[in-house]
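Q: For the protein sequence lines, the chains are A and B, in the order given. Numbering-wise, the first sequence is residues 1 to 455 according to the numbering used here. Numbering-wise, the second sequence is residues 1 to 530 according to the numbering used here. Pasting a structure here, questions to come.
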Amino acid sequence: MLDLTPKEITERKALRINPCKTCQPVGALYCALGVHKCMPHSHGSQGCVSYHRSVLARHFKEPAIATTSSFSEGACVFGGGSNVKTAVKNIFDIYDPDIIACHTTCLSETIGDDLNTYIQQMDIPQGKYVIHCNTPSYVGSHVNGFFNMMAGFIEYLAEKADTCNGKIGIFPGFVNPGDMREMKRIAGLVKADYIMFPDTSGVMDAPITGRYEMYPKGGTTIANIKKLGAARKIIALGEITEQEPCMVLKRKCGIESNIMPLPIGITNTDEYIMALTRLTNAEVPYSLEEERGQIVDIMLDSSAYVFGKKVAIYGDPDTVLGIASLVLEMGMIPKYMLTGTPMDAFAKKAKTLLDKYGVYDQCKVKAAGDLFELHQWIKNETVDILIGTTYGKQIAKAEDIPIVRAGFPVLDRHAHALQPIVGYKGALRLVEMILNAILDKQDRICADEDLEIVL
Amino acid sequence: MQEREKILDNYTAKVFKNRKDHIVQLEESGASQEIAANSRSVPGMMINRGCCYAGCKGVVLGPLRDVVTITHGPVGCGFYSWGTRRNKANNPDGRNFIQYCFTTDMQESDIVFGGEKKLKQAIKEAVELFHPECILICSTCPIGLIGDDIQAVATWAQEAFKIQCVAFSCEGYRGVSQSAGHHIANNGLMKHIIGTGNAVAHAGKHTVNILGEYNIGGDGWETSRVLKRIGYEVLNVFTGDGSYEGIKDSHIADLNLVMCHRSINYIAEMMKTKYGIDWLKVNCIGIAETIHSLREMALYFNDPVISAKTEEVIAEEYAAIAGDLEFYKEKLAGKTAGIFVGGSRTHHYQSLLKELGVKTVIGGYEFAHRDDYEGRDVLADIKLDADSKNIEEITVTKDEAKYRLVIDQERFEELKDQIALEEYKGMFRDMDAGTITVDDFNHYETEKLIEIFKPDIFYSGIKDKYMLVKSGTPSRQLHSYDYSGPYSCFQGALNFARDSYMAIYAPAWGLIAAPWKTTSTLMGKIGGAQ
């Protein structure tokens with residue numbers, strides 16, 4: 001496995017090998033699926049959306065709907081205006097969504113198609129909406145696509161009002177529906193009157209009923225996105241992902257946001273709950289305190305098996321930062337923190353976090369990196385466990401390192417997208433997965449006389 | 001109303017006008033009807049088609065194991081085609097690049113100022129890191145638009161590093177589907193790689209290439225195993241577990257076997273013109289079809305040893321699965337199926353399903369041409385539209401030094417009447433009256449078909465799979481085999497039967513409806529009785 005990866009690290013300026021990111025449109029598509037009765041639409045050639053629907057279906061094991069402008073060579077020359085107008089008419093006629101959320105591709109961005117103008121020229125049925133955002137694939141990563149689509153919805157729909165509607169907006173970040181459910185459950189427990197946006201729970205984890213529903217029950221409603229413009233405050237989870245949408249909402253409607261880390265691990269979850277209760281003035285219920293006590297109890301009981309162990313964490317910036325926070329709480333060292341997304345803020349946030357635990361000098365942090373380089377680092381100085389997306393399994397196999405799957409995409413396991421890694425419940429789940437991975441390897445490789453029955 | 005009309009009924013006039021010719025309900029069993037194919041999709045329809053890049057890099061070039069294939073463009077296209085098609089490949093010489101994804105990951109400045117410099121640098125880095133003998137460059141949408149001259153970069157790389165470097169201009173917007181990409185890949189391989197080796201043919205060794213076999217789930221390995229047992233030498237598989245080293249010398253084969261007609265018929269035809277190699281359409285999916293193909297091969301070679309061994313291997317391979325197969329036949333008898341795949345499998349799997357007692361009631365292709373449905377007889381009648389005309393047609397001429405006929409013209413003509421030599425009769429010939437075929441099927445039509453025909457199982461791809469499951473329809477992916485396989489030849493037929501059986505008989509199908517939906521749990525007392 002990966003036999004051709006040399007241990008010696010040489011500088012690469014142009015060749016990306018085994019990327020740890022993908023392109024903007026897939027993030028935009030995922031975001032749009034978190035809006036109720038929304039049809040995501042890709043303005044480009046039809047291969048883009050075919051790839052995006054496939055990777056989302058493989059990650060969630062759910063249908064991922066989206067349409068395309070089906071650019072031909074002619075459309076590249078004359079512009080895709082006629083294609084997108086035909087597409088929008090056909091989509092409303094045949095698939096009947098309430099809203100179509102268009103995103104661009106590297107094709108339509110390169111030829112400079114102006115979706116804003118096209119949308120103004122369209123005949124949009126009464127009560128229906130068409131919105132757009134720009135997602136050039138040659139800028140940033142799928143994370144940018146996700147927040148650009150959020151910003152697009154806000155730009156088109158959020159309505160400024162003179163009176164505050166008292167709602168707390170919760171921006172969940174680029175996470176799974178299982179995470180969104182957990183964030184909502186916690187918000188409910190502290191009596192928050194909230195709007196989650198986007199919300200893929202009930203869409204990308206919809207139950208089987210024997211009847212296929214193109215638009216399942218879940219998703220943020222258009223009415224609720226409008227209300228974000230008069231919300232009391234936004235609690236935005238994901239310090240890197242949420243900057244742009246919060247800025248747009250502030251500029252358009254003057255709404256303030258509290259941007260904080262994804263609630264992965266104890267400290268981050270505490271911070272999320274505190275931020276909510278500051279707004280709701282509600283007492284944190286015993287049931288949440290109980291959950292917190294349980295997970296901290298488990299962390300102390302099992303600490304000896306993980307303390308000082310070295311971890312490589314890779315994936316999306318906010319997810320990596322969140323998981324790093326949890327493993328630091330467990331006494332582990334996040335020796336390598338790598339994201340493919342090119343964001344300078346990642347390294348700064350990581351340094352602050354690592355400094356807090358005094359381990360910065362033992363760790364390596366990189367944005368705009370790739371898994372080839374991560375593997376080379378590991379070949380030089382190994383780690384005890386990998387935490388990240390499916391593609392790390394190649395490194396795990398090559399180096400016989402246990403792997404815990406978290407983040408996007410996870411293509412080779414089931415049920416993960418329905419389970420949280422956020423909140424105390426999510427921390428419990430991650431801690432269990434990490435312990436199991438480490439102890440399973442210990443059981444597998446130890447001498448017969450060293451096999452412990454009790455651990 | 002006929003089923004076909006029910007599907008088209010809800011369309012607006014404009015969409016109806018386009019789609020009506022792509023949907024055919026056969027009037028007579030085994031009789032071909034005209035269908036519209038290989039034309040532009042209607043924007044806004046949720047289709048299953050991919051793009052030119054997917055056909056070129058994803059399908060044809062991706063499986064080559066010993067080449068560094070660099071996707072020139074933003075990160076996405078390279079990322080999505082990384083390890084997702086299940087082209088299995090061995091590592092005989094330590095040169096397996098299949099596990100890797102190489103891309104220039106173009107940034108905004110590259111789009112503005114041009115990406116040639118970055119591509120050259122990427123090639124230089126690949127050479128220094130891996131020392132490959134061959135580098136392939138596949139371009140994505142922006143490349144053609146900003147005018148990067150990747151052909152010139154390839155020429156530069158050949159001279160600078162003394163390696164083979166071939167550029168494929170397979171931008172996603174070219175053509176109307178993956179099909180354009182197949183053609184572009186075929187052209188590039190033919191122009192720059194096939195026949196560039198110096199190997200010399202050994203007469204009497206019965207060597208074959210298998211064309212249009214991408215070794216998904218190990219199909220190519222299973223087919224090669226059976227062929228080798230009979231005594232054939234499998235020279236190259238195009239391109240599943242294929243290699244640059246190998247296909248350079250593919251011109252010395254005695255016969256080309258064509259599995260996927262759609263994606264590789266171009267190479268088959270060009271190799272005939274250039275090197276004199278005959279091609280035979282084979283199908284190693286299904287027991288009867290496999291036996292039929294093996295016997296046709298034996299007829300072609302006309303060697304008593306091979307003929308006898310063919311029958312011996314058929315008998316043994318069949319005996320090894322017959323007992324187990326009976327169980328699945330019993331379980332699957334009387335079921336109905338729908339199959340929507342790419343450009344050959346919908347035909348290939350119908351015979352296997354028939355053997356299992358499953359009737360195919362709905363079929364369709366994503367990117368087939370009329371000849372895949374109606375047979376090669378219609379080739380002369382197909383008028384090329386603007387999209388297809390943009391795809392280069394290359395002409396090859398006889399290579400005097402390497403041209404070699406295994407059978408003479410007279411024998412060829414004689415055999416042509418008996419076996420599928422340079423012949424493909426198309427899918428319609430094997431379908432029954434009343435069955436529906438949909439070209440470039442979309443989500444809406446798939447939903448309608450499920451509603452009308454209620455098939456017991458539906459074979460399709462990942463984009464449909466979970467929609468089907470949600471609607472209560474057992475589903476198996478026929479692109480990726482749902483991470484199972486091989487499905488070819490005898491053992492493969494058994495695997496396919498087992499997987500289909502598992503899909504239909506999963507106990508959880510019986511759990512979908514909650515009991516309280518059908519049985520009341522409310523307890524009450526009537527009239528206040530004690």
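Every residue gets a Cβ at the ideal spot worked out from N, C-alpha and C, and that includes glycine.
Is the CB of S45(A) under 7 Å away from at least one CB in chain B?
A: Chain B contact via Cβ: present.
Q: I'd like to know if A151(A) contacts chain B, where contact means its C-beta is closer than 7 Å to some C-beta of that chain.
A: A151(A) does not count as touching chain B.
Q: Report the rounded CA-to-CA distance for I137(B) versus K191(B), giving the unit in angstroms.
A: Using only the alpha carbons, I get a separation of about 15 Å.
Q: Buried or exposed: which applies to C56(B), given that a residue is buried once 16 or more other Cβ atoms fall within 10 Å of its Cβ?
A: C56(B) comes out buried.
Q: Got a sec, what are the start and stop residues for the beta strand (DSSP E) T239(B) sits in?
A: From DSSP, the beta strand (DSSP E) with T239(B) extends over E233 to T239.
Q: How long is the line joining the alpha carbons of Y51(A) and G81(A), rounded to whole angstroms?
A: Rounded to whole angstroms, Y51(A) to G81(A) spans 23 Å at the Cα level.
Q: Could you name the residues that DSSP lists as bridge partners for V311(A)?
A: Paired residue(s): I385(A).
Q: In terms of residues, what are the limits of the alpha helix (DSSP H) holding A417(A)?
A: Premise fails: A417(A) is in no alpha helix (DSSP H) and is neither H nor E.
Q: With burial defined as no fewer than 16 other Cβ atoms inside 10 Å of the residue's Cβ, what is the status of R185(A): buried or exposed?
A: R185(A) should be labelled exposed.
Q: With distances taken between CB atoms, is the gap from S263(B) to G218(B) smaller than 7 Å?
A: Contact flag unset, no.
Q: What does R413(A) reach in chain B if we use C-beta pairs closer than 9 Å?
A: In chain order: nothing, as chain B lies at least about 12 Å away.
Q: Identify each residue in the stretch 71 to 85 of chain A for which the Cβ-Cβ distance to at least one residue of chain B is less than 9 Å, and report them in chain order.
A: Cβ contacts with chain B come from F71, S72, E73, G74, A75, C76, G80, S82, N83, V84 and K85.
Q: So L326(A) is in the alpha helix (DSSP H); what residue range does that whole segment cover?
A: Note, L326(A): alpha helix (DSSP H), P317 to E329.
Q: Buried or exposed: which applies to V305(B), given that a residue is buried once 16 or more other Cβ atoms fall within 10 Å of its Cβ?
A: Flag for V305(B) reads exposed.
Q: Mind checking which residues open and close the alpha helix (DSSP H) that includes E373(A)?
A: L371 to N380 is the extent of the alpha helix (DSSP H) around E373(A).
Q: Please classify L257(B): does DSSP put it in a helix, a strand, or coil?
A: If DSSP states are grouped into helix, strand and coil, L257(B) belongs with the strands.
Q: Below 7 Å between beta carbons: does that hold for S488(B) and E289(B)?
A: No.
Q: What does a CB cutoff of less than 6 Å around C101(B) pick up in its chain, not counting 5 residues either side in sequence?
A: Contacts found: G78 and W82.
Q: Taking the alpha carbon of V42(B) as the point to measure from, which residue in E34(B), M523(B), D21(B) and V59(B) has its own alpha carbon closest?
A: Answer by Cα proximity: D21(B).
Q: Going along chain A in order, which residues have a C-beta closer than 7 Å to the C-beta of D499(B)?
A: Chain A residues near D499(B): none, gap ~17 Å exceeds 7 Å.
Q: Look at L227(B) and V237(B) and say whether their C-beta atoms are less than 7 Å apart.
A: The answer is no: Cβ separation not under 7 Å.
Q: How many angstroms separate the CA atom of M214(A) from the CA atom of L522(B)?
A: Their Cα atoms are separated by approximately 33 Å.
Q: In the DSSP assignment, find the alpha helix (DSSP H) that holds D440(A) and state where it starts and stops.
A: Where D440(A) is concerned, the enclosing alpha helix (DSSP H) stretches over G423 to I445.
Q: Rounded to whole angstroms, what's the CA-CA distance from N96(B) to M343(A)? Just pull it up for me.
A: Roughly 33 Å between the two C-alpha positions.
Q: Going by other Cβ atoms of all chains shown within 10 Å of its Cβ, with 16 needed for buried, is W516(B) buried or exposed?
A: Classification for W516(B): exposed.
Q: Please list the partners that L21(A) has in chain B, where partner means a Cβ-to-Cβ separation under 7 Å.
A: In the sequence on display, residue 21(A) carries Lys and not Leu. The answer, in chain order, is V75.
Q: Against E62(A), what residues of chain B qualify as contacts under a CB-to-CB distance less than 7 Å, listed in chain order?
A: In chain order: Y466.
Q: Beta carbons nearer than 7 Å to chain B: which residues of the stretch 341 to 375 of chain A have them?
A: Per Cβ criterion, the list is empty.
Q: With a cut-off of 8 Å on the beta carbons, I'd call C52(B) and E171(B) a contact; round off their distance for me.
A: Correct: roughly 6 Å between the Cβ atoms.
Q: Does the beta carbon of R4(B) come closer than 7 Å to any beta carbon on chain A?
A: No, because no Cβ of chain A sits closer than 7 Å to the Cβ of R4(B).
Q: By the criterion of Cβ-Cβ separation under 8 Å, what are the contact partners of Q394(A) in chain B?
A: The contacting residues are Q99.
Q: Apart from the five residues just before and just after A433(B), which ones in its own chain have a Cβ nearer than 7 Å to its Cβ?
A: Counting only Cβ-Cβ distances below 7 Å, and skipping sequence neighbours, we find L26, E27, E28 and S29.
Q: Could you give the first and the last residue of the continuous beta strand (DSSP E) run that contains R405(A)?
A: Note, R405(A): beta strand (DSSP E), I403 to R405.
Q: Is P546(B) close to chain A? Criterion is C-beta to C-beta, closer than 7 Å.
A: In the structure displayed, chain B extends from 1 to 530; residue 546(B) sits before or after that span and is not available.
Q: Determine, for S69(A), whether the minimum Cβ-Cβ distance to residues of chain B falls below 7 Å.
A: Interface residue, yes.
Q: For H183(B), verify whether its CB is less than 6 Å away from any heavy atom of the ligand NAP.
A: The ligand NAP is not among the ligands present in this structure, which contains no ligands whatsoever.
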